[in-house]
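Contents: one structure, followed by commentary.
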């Protein structure tokens, strides 16, 4: 599955319909959440996804505001709520699912192409909305399956998920280890460095001005809404710049190397350090690793995640541990074996070496049980 995001250019009437549909979905989401919450608190009874899906027809029949909304839109709302509960049960998100306020619900979707949405010439036809103008800045690949309409600070977008075929790239025969950092965004085992653009820090001055403007506006007023929208657009611009840069960087690595080794970092734990949290989040390590995996799956490349422990504190030449006082302020490492190297490049070489061991264990049917076999 591959997603394609296109900017929508709805008319004023279509903007009102889109906003009305979004508000209807928000109310239905909160109603379903309240139903589940009350059933558990009052009777210790769990209401599942399929029980609430059966209510969709009743909701459309009893509520005049819901008659113009396609049934699949309500079904997607139920599925979204169920995903929030499943994430809560798996403890991958913080806290119990919350009721959505007016500014906390920004998307709705259709789950079947040709039934609720379809491409009609140069426009996207949505049930209950009409034919919406789209900027088709790139060609879609594969067969469209679902669409999600998203409201952002600068307008409306359509995220179309398509079922595509894998497009393997020609083999290069090269492997590389990649170390992510703060001094440099990435350093490869071949000694190449990519500087950290520091998107958020460069824009902090402007963000402070916009935030002060918001704080000085009267709550509930039109001027405050305008100030909030300007602040949201600035944050969106920062995120777009970061995503654009990291996507291009991931693509450059995928096209050059068959195997890419990266560290399996616990970023959520690392950002608890209040001195480094802002820089780590600004670097977008998690997004970069996610894009590497996605592009590798499409191009038939291999991404190997290795244990990050002591990669920068072990000599990549002889394997000896550096002295205990070796801290982050030391950017150049020297070893008795004669190695003299940049700290991050040394870490990237260790990552690549560990990836070799991981790949050999995974490729051999007895590699994972070498110790047990030797004992027998």
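Residue numbers (our numbering): 4 to 379. Where a beta carbon is used, it is the ideal one built from N, C-alpha and C, also for glycine.
- Residue 129 and residue 297 have their alpha carbons spaced roughly 29 Å apart.
- Nearest to residue 147 by C-alpha distance, out of 122, 158, 154, 157, is 122.
- Per the coordinates, the alpha-carbon of residue 207 lies some 19 Å from the alpha-carbon of residue 186.
- Three or more Cβ pairs drawn from the segment 297–309 and the segment 257–265 lie within less than 8 Å of each other, which places the two stretches in contact.
- Per DSSP, reduced to three states, the secondary structure at residue 342 is coil, with no helix or strand assignment.
- With distances taken between CA atoms, residue 193 lies nearest to 319 out of 162, 169, 56, 319.
- With a cut-off of 8 Å on Cβ pairs, the segment 222–237 is not in contact with the segment 274–281, counting fewer than three such pairs.
- Per DSSP, the continuous alpha helix (DSSP H) segment holding residue 31 begins and ends at 15–46.
- For residue 187, the enclosing beta strand (DSSP E) begins and ends at 187–191.
- When secondary structure is reduced to three states using DSSP, residue 348 falls in the helix class.
- Between residue 75 and the set 332, 117, 182, the nearest pair of CA atoms involves 117.
- By the neighbour-count definition (other C-beta atoms within 10 Å, threshold 16), residue 14 is an exposed residue.
- As far as DSSP is concerned, residue 321 takes part in no beta bridge.
- Checking the DSSP bridge columns, you'll see residue 178 partnered with 262.
- By the Cβ criterion, the segment 130–140 is not in contact with the segment 214–223, since fewer than three pairs of Cβ atoms, one from each stretch, lie closer than 8 Å.
- When beta bridges are read from the DSSP output, residue 159 appears opposite 154.
- The beta carbon of residue 70 sits closer than 7 Å to those of 63, all from its chain and outside the five residues before and after it, given in chain order.
- It is roughly 14 Å from the alpha-carbon of residue 5 to the alpha-carbon of residue 293.
- Beta-bridge analysis with DSSP links residue 147 to 165.
- In the three-state reduction of the DSSP assignment, residue 110 falls in the strand class, which pools E and B.
- Spanning the alpha carbons of residue 178 and residue 55 requires a straight line of approximately 50 Å.
- Residue pairing from DSSP places residue 12 in a beta bridge opposite 136.
- By the criterion of at least three beta-carbon pairs nearer than 8 Å, the segment 158–170 is not in contact with the segment 243–259.
- Inter-residue distance for residue 183 and residue 313 is about 14 Å (C-alpha atoms, whole angstroms).
- Looking at the backbone, the Cα of residue 142 and that of residue 165 are separated by about 12 Å.
- Counting C-beta atoms within 10 angstroms of its own C-beta, residue 112 has 16 or more neighbours from the protein chains shown and is therefore classed as buried.
- Here residue 210 really is in contact with residue 237; their C-beta atoms are around 6 Å apart, less than 8 Å.
- The beta carbon of residue 17 lies closer than 7 Å to those of 132, 133, 135 in the same chain, with the five residues before and after it left out.
- The closest CA to that of residue 249, considering only 281, 219, 200, 205, is found on 200.
- In this structure residue 333 is exposed. Its beta-carbon is surrounded by fewer than 16 other beta-carbon atoms within 10 angstroms.
- Residue 100 is a Cβ neighbour of residue 36, given a cutoff of 7 Å.
- Excluding residues up to 5 positions away in sequence, 220 lie with their Cβ nearer than 6 Å to the Cβ of residue 226 in the same chain.
- Distance from the CA of residue 38 to the CA of residue 32, rounded to the nearest whole angstrom, comes to 10 Å.
- Under the DSSP definition of a beta bridge, residue 306 partners with 263.
- For residue 79, same chain residues with a beta-carbon under 6 Å away, outside a window of 5 residues either side, are 112, 114 in chain order.
- For residue 215, the enclosing alpha helix (DSSP H) has its first and last residue at 207–218.
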